[in-house]
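In our numbering, the protein residues as written are 2 to 317.
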């Protein structure tokens, strides 16, 4: 197979996957409408409830960046406090791991039935239309993953690709940086993590290398939140900084123990792809719990970063 054809197939499969994620997110937001913002505003009366709400909403919307951006907007409007928004952001990091678990299950055989079911729902009314689009998106996501797996196999025949994967599997810091940079470019940590899981399905990456890339993707996805806070209030900027600080601290704390973490995760499943998905979920749950316990000092830290004094006054 020619190089151009291989790269085209790989690019096409990634494009289908990303489009599917966008369609899933937009269809859920279209069905919920303003209720999504109302839900975030109502069910965030303490940090723990904020975390659970953020996790559930993100699992439904399938975009931690979208939920974090909505949180920034709600803080800007004075609907959410910084501490409430921080809880939502913590939960969003957990909710986004649902995609990784779905990918690891390898449900490609459901692609066609789901797409047919979605097509059946399109003509009835507005709500069933958006629901149908969402179901079609799930089906096309599974189709995109199958195409991705098939397109990766011929890529592995190239010495440069094999060496890059060996480098990533052997050196943790470059792997983290690769995950960060790629996620910042494609603006989807779910997409990057899913590609890593597919690499695990074809035994093309080590567990440690995959975990390191997932660590980096957690930081790279914060770019959307930071961009959404531009031109907004200092409290909104503090919410974006909270997302950045939380993800960076989580990676810095866990990175020295990555080999121990990988050994523990290896015991959760005999399947490498499932191990990678479990590692992604466990990392986000563990770091979210620790951040929740330290939410007051972390909130003070990001407030100072945004130029807000301890009394709540903005420092100009």
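Even for Gly, the Cβ is constructed at its ideal location relative to N, Cα and C.
In this structure, the straight-line span from the alpha carbon of residue 306 to that of residue 239 is close to 7 Å. Runs of beta strand (DSSP E) with 3 or more residues, each lying fully within the region 46-125, are absent. Judged by their CB atoms, residue 52 and residue 263 are not nearer to each other than the 9 Å cut-off. Looking only at 221, 215, 79 and 116, the smallest Cα-Cα distance to residue 236 is reached by 79. When secondary structure is reduced to three states using DSSP, residue 287 falls in the helix class.
With contacts defined as CB atoms closer than 9 Å, residue 220 and residue 186 fail to qualify as a contacting pair. Within its own chain, the residues whose Cβ lies closer than 8 Å to the Cβ of residue 120, once the five positions on either side in sequence are excluded, are 133 and 137, listed in chain order. In the structure shown, residue 220 adopts helical secondary structure according to DSSP, grouped into three states.
With respect to the 9 Å criterion, residue 153 and residue 18 are not classified as neighbours on the basis of their beta carbons. Looking at 250, 123, 249 and 225, the one whose alpha-carbon comes closest to that of residue 68 is 225.
Residue 295 sits in coil when the DSSP states are folded into three classes, being neither helix nor strand. For a cut-off of 8 Å, the C-beta gap from residue 101 to residue 195 is around 7 Å, short enough to register as a contact. Judged by beta-carbon spacing, residue 176 lies within the 9 Å limit of residue 210, meaning their Cβ atoms are closer than that value. Sequence-distant Cβ neighbours of residue 179 in its own chain, meaning closer than 8 Å and more than five residues away, are 169, 214 and 217. Sequence-distant partners of residue 99 (beyond 5 residues in either direction) whose C-beta falls short of 6 Å from its own C-beta, in its chain, are 60. DSSP, read as helix, strand or coil, puts residue 231 in coil.
Counting other Cβ atoms within 10 Å of its Cβ, residue 48 reaches 16 or more and is therefore classed as buried. With contacts defined as CB atoms closer than 9 Å, residue 198 and residue 277 qualify as a contacting pair.
The alpha carbon of residue 212 has as its nearest neighbour, out of 188, 13, 234 and 171, the alpha carbon of 171. In this structure, the straight-line span from the alpha carbon of residue 162 to that of residue 207 is close to 14 Å. Taking a contact as a CB-CB distance under 8 Å, the pair residue 96 and residue 55 counts as one, their CB atoms being some 6 Å apart. In this structure, residue 73 lies near residue 233, with their beta-carbon atoms less than 9 Å apart. Residue state for residue 269 is assigned as coil, using DSSP reduced to three classes. Taking residue 62 as the centre and dropping the five residues before and after it, the same chain places the C-beta of 26, 29, 30 and 68 closer than 7 Å to its C-beta, in chain order. The alpha carbon of residue 118 has as its nearest neighbour, out of 108, 227 and 130, the alpha carbon of 130. Judged by DSSP in its simplified three-state form, residue 158 adopts coil rather than helix or strand.
Remark: C-beta atoms of residue 82 and residue 112 do not approach each other more closely than 9 Å. Taken through DSSP and simplified to helix, strand or coil, residue 207 comes out as coil. For residue 201, the uninterrupted alpha helix (DSSP H) segment begins and ends at 190-202.
Taken atom to atom, the span from the alpha-carbon of residue 184 to that of residue 191 is near 9 Å. The criterion of a C-beta distance shorter than 9 Å is not satisfied by residue 299 and residue 241.
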